[in-house]
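**Student:** Next up is a structure, given as structure tokens.
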Amino acid sequence: MDQNKLKDFLSTTLANIAEKRTYIESLNNLSKISVKGFSKDFFIDKPINILFQYNHQVLTLDNEKVYLSLFEKTTNFTKKPIEPNSKLFGNVLLVDADFTIKNSVTCILSIIFYDQEQPMKTFKFQHKGDRLTQKIHCPQNSVSYRVAIKLEGTGQFQNQKFEVEQRFEREAENQQIHAQYVTNTQLCKKSKVETFKAEIKNYKYFRRRQENDLKLAVILDEFSFDCFTYDCQIVSLTKSNWQNEILHFQPDFLFVESSWQGNKGEWAYEIANLHVNKHRTCLLDLVTYCKEIGLPTVFWDKEGFENYEFFKEAASYFDYIFTADENNLERFQRNVKHQQIHVLPFAAQPQLHNPINKNKNFLGEIAFAGSYYSNKHDTRKGDIENLIKPSLSREIQIFDRYFGKDPTKYPNNQWPKQYQDNIVGHLDYSEMVEAYKNFDIFLNVNSVQNSRYMFARRVYEILASKTFVISGPSLGIEEFFKGYVPISRGEDETTKLLKLYLNNPLIRKKIEKQGLRYVIQNHTYKHRLHTICQKIGLLKEIENTPKVTIITSTQRQEYMEALFENISNQTYEHFEVVIILNKNTMNFSVWQKRFECLGKPVKILQIDEGRSLGYCLNEAVRNSTGEVIAKFDDDDYYAANYLLDMVQSMEYSNADIVGKSSHYLYFEESQLLALKTIGSGSERYSNFVAGATLVFTRTIFDKLCGFLDKNRGEDTDFLTRAKEFGSIIYSNDEYNYCCLRRKNKANHTWQIGDDELLRICKSSMFTTDYKTPVTL
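Anchor point for the sequence shown: position 404 equals 404 in the UniProt record's numbering, and the numbering is continuous, going up by one each time.
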């Protein structure tokens, strides 16, 4: 190459370098993105209350979850951005978020990076108010980014200023930033769990043991004791004094389970491995004595097929053997000389497992509670791959019983590295029961998959908490809970199920409510005790179904057919009806004949129209025989499962009065369906419930001497006096009842305009069919 050509080449190269240097330096002069308040630049995923205070926009949350997206008009963050402001030119983002957060609102700020097709990496930061600044190194090959703000809880949120500035730096310290991100994210999640633990310590429940005469002498583990103790009388036997304890208590039968510790360690080593430890005869001595005095002996094997050998000897001592796994039936049969071998699955205990305070301390979308076993349960490990792995990108929270313990002592219980960032802590059993209620979805895997009856007891418990469950394969779950628990057999299937049920909360809520109802009707420990008593020939009243009296006082003949339909459609069967005709011109005989068609005990009484509503309601109760009274208004809608749900709520809440402080209203004139909440809201103990939804015990009615003799406010007064008396009031959920606001306002006892009512409501939809959305 001659000198001229070399000179030209070097000149061109230097010019290119200078041009590129100028371009690179110009990157540090990119314009800032700066947003104040909630301008058109922010997209919010649902209607939300935004107020103006001193020229500032204030976003108000009421126990809800909201997503905000900057620039992009969607909160589906799997979609890559299309707005020009989202393009990346530099390799560093400087984020400055000046937010004001009040009360119990949790704020998570996310910066999501995308390649040409899909999301690559997400950086998350918990914003605790005031000002947060972050320097984020953009992932290699990222071409765009999005900003997401997730708000949860109750309180206020203000965006004083939010800025993003792009820079170009030659040395990006990606690994250091990523490590910092992981640490921040883990600390954020674990801090939330610790806050949750502190919050639930203040919860007050009104758990109550059922009054019946069933008496058990038991050796149980702690979980089983807690589950059975609310439905019978129990004495836990000691090794040193069991004979006197039995003589004094006079139990109906001896009940022992396949327990490793037994009565908090009292019977450790005395039940398992007795075929090897033949010198341990305490259990045999106990069972022999019971047989001598004619006391039936019952053994419950709940450890399944894999642990059969550990408990086969102990089981052989007993008159009756029950097993949670039908695959053990033949094995026990070969080991004993009698035929009294039956199946007894796990169940739920509504006093412990229920939806009370549902989502009061919401923790997140998806959770899994369980340990990892690297040395066994290969099918379970496969399920973890199929269910937990695809949930990592959705921030699944894993509760691990070995969390915080020395890993060198538990080498086989360490989760693989890819799951470690999602482990948020450990909860004891009582805390875990509360956590069940504070996620949208729980995932479940099963060590036993080929049993028609044995699967994780948490499935019953989570369903009874009104929380959605997605499970790995299990013959039992598929047979017991078909339609309530979807099954996933692969990663793609899990991803699809999560998208379906997280993106469609109405579908999820419907299945949750149906699952709760199904478990309480069929799979509680009360049902299991009933099964045992039946099999051993013991006649005991365990499953108490209270008799309900539906009462109505009406002056409006035009609503009588609607009232008839509301009552005739009820799925709860054990009820009677008392109706007061409070208008002199209403035809007594016509309506007596009509309501006799219900096929239930019916009383129609005619009371002079000069008498007050309170007086008429008192007369209705005095002419009733039900243990529980349900007040129906003549002009509202009560869906088929209304009464059933109310009775179930009364059972698990132990309330004297149940009703709805959150319920739907339908405005006939505008065809608008809205949700009204006054009081604590759904699934909460409350000071107030709507008068048209009052369901109360006869006992509290008698203590309060009934309703006041007045035409308006008699229900509010009843609630006020009940609370002063120390009664328990509980608010069921918003479904299966709708208050109807007619075009003709003169027909309503409460004279209030629609606009005024709507100020305390949230609009749901415009529709001519109000029944379908509120009926579950």
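Ideal Cβ placement from N, Cα and C applies to all residues, glycine included.
Bear in mind the structure is a predicted one, so any value in this text is a computation, not a measurement.
1. Going by DSSP, what residue range makes up the beta strand (DSSP E) through N720?
2. Rank E619, Y373, A324, I33 by C-alpha distance to the C-alpha of Y410 and give the top, closest one.
3. Use the C-beta contact count for N438: other C-beta atoms within 10 angstroms, 16 or more gives buried, fewer gives exposed.
4. In the DSSP assignment, the alpha helix (DSSP H) including S653 goes from what residue to what residue?
5. From what residue to what residue does the alpha helix (DSSP H) around I550 run?
6. Taking the straight line between their C-alpha atoms, what separation do you get for F346 and A324?
7. Using a Cβ-Cβ cut-off of 7 angstroms (strictly less than) and excluding sequence neighbours within five positions of F564, which residues of its own chain qualify?
8. Taking the CB atoms as reference points, tell me whether A690 and K660 lie closer together than 8 angstroms.
9. Out of G599, N241, K150, N49, which has the shortest C-alpha to C-alpha gap to K128?
10. Express the C-alpha separation of V445 and Y666 in angstroms, rounding to a whole number.
11. Pair every Cβ in the stretch 619 to 635 with every Cβ in the stretch 553 to 562, then say whether three or more of these pairs are closer than 8 angstroms.
12. Are the CB atoms of N544 and S451 nearer to each other than 8 angstroms?
13. Using the C-alpha atoms, what's the distance from Y269 back to Y518?
14. According to the neighbour-count rule (16 or more other Cβ atoms, all chains shown, within 10 Å of its Cβ), is D400 buried or exposed?
15. Any heavy atom of the ligand ZN closer than 7 angstroms to the beta-carbon of T693?
16. Taking DSSP as the reference, what is the three-state secondary structure of V590?
17. Excluding sequence positions up to five away, which residues of its chain have a Cβ less than 7 angstroms from the Cβ of K102?
18. Taking just the CA atoms, how far does N618 sit from Y402?
19. Less than 6 angstroms between C-beta atoms, sequence neighbours within five positions excluded: which residues of the same chain meet that for H178?
20. Taking Cβ positions, are Y320 and L283 nearer each other than 8 angstroms?
21. Are the beta-carbon atoms of F228 and L529 separated by less than 8 angstroms?
22. Go ahead and pull the three-state DSSP assignment for C597.
23. Can you name, in chain order, every residue of its own chain whose Cβ lies under 7 angstroms from the Cβ of Y525, other than the five neighbours on each side?
24. Report the rounded CA-to-CA distance for S670 versus Y685, giving the unit in angstroms.
25. When you compare only the Cα positions, how much space is there between A367 and Y730?
26. Grab the span of the beta strand (DSSP E) containing Y320 for me, first residue to last.
27. How should L10 be labelled, buried or exposed, when 16 other C-beta atoms within 10 angstroms of its C-beta is the threshold for buried?
28. How would you write the range of the alpha helix (DSSP H) that Y429 sits in, first residue to last?
29. For S649, tell me which candidate among N375, S682, G726, R556 has the shortest Cα-Cα distance.
30. Relative to the C-alpha of R741, which residue among R721, D733, Y770 is closest?
31. Would you report the Cα separation of G262 and G490, rounded to the nearest angstrom?
32. Taking only the alpha-carbon atoms, compute the straight-line gap between M765 and A639 and give it to the nearest angstrom.
33. Note down, in chain order, each residue of its chain lying with its Cβ closer than 7 angstroms to the Cβ of Q243, except the 5 sequence neighbours on either side.
34. Taking all protein chains shown into account, do 16 or more other C-beta atoms lie within 10 angstroms of the C-beta of K161, making it buried, or fewer, making it exposed?
35. Could you pull the DSSP bridge partners for W300 from this structure?
36. Y664 to Y735, Cα distance in whole Å?
**Tutor:** Looking at the coordinates:
1. For clarity, residue 720 is Thr in the given sequence; the question names Asn instead. Looking at the DSSP string, T720 is not in any beta strand (DSSP E); the run it does join, the alpha helix (DSSP H), is 714 to 725.
2. Taking each of E619, Y373, A324, I33 in turn and checking the Cα distance to Y410, the smallest one comes out for Y373.
3. N438 is buried by the Cβ-count criterion.
4. Residue range 642 to 653 is occupied by the alpha helix (DSSP H) that includes S653.
5. Residue range 548 to 554 is occupied by the beta strand (DSSP E) that includes I550, with no alpha helix (DSSP H) assigned at that position.
6. One alpha carbon belongs to F346, the other to A324, and they sit about 7 angstroms apart.
7. Once the five neighbours on either side are set aside, the close Cβ partners of F564 are R594, F595.
8. Yes, the pair counts as a contact, with Cβ atoms nearer than the cut-off.
9. Comparing Cα positions, the closest option is K150.
10. Their Cα atoms are separated by approximately 43 angstroms.
11. At 8 angstroms Cβ cutoff, the stretches touch.
12. No, the Cβ-Cβ distance between N544 and S451 is not below 8 angstroms.
13. Looking at the two C-alpha atoms, the distance is approximately 38 angstroms.
14. By the 10 Å Cβ count, D400 comes out buried.
15. By its list of ligands, the structure shown contains no ligand whatsoever, and the ligand ZN lies outside what it can speak to.
16. In the structure shown, V590 sits in a helix (DSSP, three-state: H, G or I).
17. Taken in chain order, the residues that qualify are G155, Q156.
18. Taking C-alpha positions only, Y402 is separated from N618 by approximately 58 angstroms.
19. Here the model assigns H178 a pLDDT of 44, short of 50, so the residue's position is not dependable and the matter cannot be decided.
20. L283 is positioned such that its CB atom lies no closer than 8 angstroms to that of Y320.
21. Yes, these two residues count as a Cβ contact at 8 angstroms.
22. Coil, per DSSP.
23. In the same chain as Y525, and ignoring 5 residues on each side of it, the C-beta atoms closer than 7 angstroms to its own belong to C227, F228, D231, A347, Q349, in chain order.
24. If I take the Cα positions, the gap works out to 33 angstroms.
25. If you take the alpha carbons of A367 and Y730, they lie about 28 angstroms apart.
26. First-last of the beta strand (DSSP E) with Y320: 320 to 323.
27. Under a 10 Å Cβ-count criterion, L10 is classified as exposed, with fewer than 16 other Cβ atoms of the shown protein chains found around its own Cβ.
28. According to the DSSP assignment, Y429 belongs to the alpha helix (DSSP H) that extends over 429 to 435.
29. Distances from the CA of S649 to each of N375, S682, G726, R556 were compared; the closest alpha carbon is that of S682.
30. Looking at the Cα atoms, Y770 is the closest of the given residues.
31. The alpha-carbon atoms of G262 and G490 are separated by roughly 39 angstroms.
32. The alpha-carbon separation between M765 and A639 amounts to approximately 19 angstroms.
33. Cβ within range, chain order: Y289.
34. Exposed is the call here.
35. E257, F322, per the DSSP bridge assignment.
36. Looking at the two C-alpha atoms, the distance is approximately 8 angstroms.
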